[in-house]
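Participant: Residue numbering for the sequence shown follows numbering that gives the first Met the number 0, starting at 0 and increasing by one per position. Shown below is the structure under consideration.
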Amino acid sequence: MSGSLGVAVVTGASSGIGAATARRLASDGFEVVLGARRQDRLGTLASAIGARWSTLDVADPQSVTRFCDKLEACRVLVNNAGGALGLDRISEASEDDWMAMYQVNVLGSLRMTRTLLGRLEDSGNGHVVTIGSIAGYEPYVGGAGYNAAKFAERAMTKVLRLELLGRPVRVTEIDPGLVETEFSTVRFRGDTDRAAAVYQGVTPLSADDVADCVSFAVTRPPHVNIDTLVVLARDQAGAATVHRS
Ligand code: NAP
């Protein structure tokens with residue numbers, strides 16, 4: 000199948016959940032458009048799955064405008080670009096890290112949604128899917144900056160759902176727990192040992208598990224809105240409640 004389900008834009012498609020979602024939506028029959036900052040990775044993935052790609056930095060309003068100007072239509076927007084920086088207690092918190100997390104997770108999703116909303120509505124069956132987190136529900140020690148960003152992203156998603164009531168655009172938030180991606184390596188600034196310890200003794204979710212949830216949400220009939228989907232590994236019962244063998 001190719002292109003029959005319309006254009007699906009995936010932000011943060013160069014890695015992890017975004018890359019898996021792009022692969023899955025392409026095989027579902029969407030015409031996928033990839034966005035992220037790392038061009039080499041986007042090019043490789045785009046060739047492999049028959050997608051289009053364009054450089055995108057969701058923290059930069061001009062980059063968002065340039066990216067979106069190339070899209071004549073949009074049926075699905077997956078606001079996936081995001082992540083955490085650091086695990087500092089509030090007493091040690093870095094304002095730069097907080098700003099960066101807010102820029103990407105919250106303002107990045109806002110910019111993409113606001114810019115593409117008209118095209119999503121014009122499709123007659125638009126859908127905004129945002130990748131939130133269990134961190135948007137449950138605070139944990141050292142998580143304040145990321146918690147604040149993901150709580151805010153969830154609030155925005157809920158407001159969007161209210162504001163779009165009666166219009167042909169669905170709004171879904173998918174909130175995973177531990178997913179083994181580059182997330183922890185980025186959070187710990189390239190410290191791969193520290194990142195690996197996050198997943199030690201646990202069978203975490205894979206990026207494909209989350210892509211499966213996105214695919215489920217966007218392939219329901221148009222009158223069915225999956226509002227929120229919290230998905231955790233069996234070994235995880237809360238943001239910081241993890242069983243390790
Ligand atoms: P990942 O492997 O680190 O992927 C993050 C993606 O976001 C990368 O493709 C990165 O691409 C992109 N990105 C970062 N900053 C960006 C920017 N300014 N503009 C455009 N793209 C940007 O991590 P992941 O786990 O797949 O994370 C995806 C989403 O899932 C995030 O929103 C994260 O908060 C959420 N999440 C992850 C977990 C987990 O345990 N892994 C759990 C719950 C929720 P470039 O660097 O190439 O730009």
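All residues carry an ideal CB built from backbone N, CA and C; glycine is no exception.
#1: For Q235, name the three-state secondary structure that DSSP assigns.
#2: Starting from A7, trace the beta strand (DSSP E) in both directions and tell me its first and last residue.
#3: T184: beta carbon under 8 Å from a heavy atom of ligand 1?
#4: Measuring only the C-alpha atoms, how far is E181 from L84?
#5: Between R74, T184, G237, R37, which lies nearest to A195 when the distance is taken from Cα to Cα?
#6: Among P167, V77, S3, D68, whose alpha-carbon lies nearest the alpha-carbon of L33?
#7: Answer yes or no: do R22 and A47 have a C-beta to C-beta separation smaller than 9 Å?
#8: Do you know how far the Cα of R113 is from the Cα of Q61?
#9: Taking the continuous beta strand (DSSP E) assigned at P138, which residues delimit it?
#10: Looking at C-alpha atoms only, which residue of V168, F215, S244 is the closest neighbour of H222?
#11: Could you give the distance in angstroms between the alpha-carbon of P220 and the alpha-carbon of V230?
#12: Is it right to say E94 is buried, meaning 16 or more other beta carbons lie within 10 angstroms of its own, or is it exposed?
#13: Can you tell me where the alpha helix (DSSP H) holding V229 begins and where it ends?
#14: Flag T48 as yes when its Cβ comes closer than 8 Å to any non-hydrogen atom of ligand 1, and as no otherwise.
#15: Judging by CA-CA distance, which residue of L115, R36, V63 is the nearest neighbour of R74?
#16: Specify the secondary structure class of T184 as computed by DSSP and reduced to three states.
#17: Give the C-beta separation of K149 and N104 to the nearest angstrom, bearing in mind that I take them to be a contact with Cβ-Cβ under 8 Å.
#18: For a test of the three-state rule: what should DSSP assign to N146, helix, strand or coil?
#19: V217 to H126, Cα distance in whole Å?
#20: Can you find the residues in the same chain that come closer than 6 Å, C-beta to C-beta, to F29, ignoring five residues on each side of it along the sequence?
#21: Could you spell out the range, first to last residue, of the beta strand (DSSP E) harbouring S205?
#22: If I'm right that A50 touches S122 with Cβ under 8 Å, what's the distance once you round it to whole angstroms?
#23: Could you tell me if the beta carbon of R27 falls within a distance shorter than 8 Å of some heavy atom in ligand 1?
#24: V63 lies in the alpha helix (DSSP H); which residues open and close that run?
#25: With a threshold of 8 Å, establish whether the CB of G34 neighbours any heavy atom of ligand 1.
Facilitator: From the atom records:
#1: strand
#2: 6-10
#3: yes
#4: 12 Å
#5: T184
#6: V77
#7: yes
#8: 14 Å
#9: Looking at the DSSP string, P138 is not in any beta strand (DSSP E), and its letter there is neither H nor E.
#10: V168
#11: 21 Å
#12: exposed
#13: Where V229 is concerned, there is no enclosing alpha helix (DSSP H), although the beta strand (DSSP E) it sits in stretches over 227-230.
#14: First, the amino acid is wrong: residue 48 is Ile here, not Thr. Not under cutoff, so the answer is no.
#15: L115
#16: helix
#17: 6 Å
#18: helix
#19: 7 Å
#20: L4, A7
#21: Taken as a continuous stretch (DSSP letters only), S205 belongs to no beta strand (DSSP E), as it is neither H nor E.
#22: Rounded, the Cβ-Cβ distance is 18 Å, inconsistent with contact.
#23: Note that residue 27 is Asp in the sequence shown here, rather than Arg. No, since every heavy atom of ligand 1 falls outside the 8 Å radius drawn around the Cβ of D27.
#24: 60-68
#25: yes
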